[in-house]
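Input: a single structure, listed below in structure tokens.
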Amino acid sequence: MALDMHDIGKAIYGTSQQIQKGVKSLYDHAKAYAEAEQQYRMQLAREIMRLRDEKLPVTVINDVARGNLAKVKYKRDLAELTYKTSRDMLNALQGQLSGLQTLYRRQDEI
């Protein structure tokens, strides 16, 4: 089944709309990731200082602090993966758009 110019044009338009929405979504995910990273680092620093004040042996402070903040780190990691997944999906849409544009040009030549 061959696609006609109209169908390809509609597909190009639809993909362009998805990319526009994806850019906005990517910004939101990037911001959430940055905020989660900031929150984790600030809480980690506070936790390390608290454990030092409690005279915990220096050799275990980092491990204990990270263990105590496992939920915060989970949220940070989830935000990072959400951002990276959104970025990869946006790249896939851009590749799809490029393929559709090539198909449109080739169809025009026929």
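Numbering (the numbering used here), first residue to last: 75 to 184. Where a beta carbon is used, it is the ideal one built from N, C-alpha and C, also for glycine.
Which word fits residue i, buried or exposed, when buried means at least 16 other C-beta atoms lie within 10 angstroms of its C-beta?
i	result
E121	buried
A166	exposed
G88	exposed
R150	buried
G96	buried
Using the C-alpha atoms, what's the distance from residue j back to residue i?
i	j	result
L155	A104	10 Å
A144	V138	10 Å
M75	L152	Its pLDDT being 45, under 50, M75 is placed unreliably by the model, and the measurement read from it follows with that caveat. Whole-angstrom Cα-Cα distance: 42 Å.
A85	Q181	14 Å
R126	V132	7 Å
E109	V146	11 Å
G173	R140	46 Å
With DSSP run on the structure shown, which of helix, strand or coil describes residue i?
i	result
E128	coil
L143	coil
D137	helix
D162	helix
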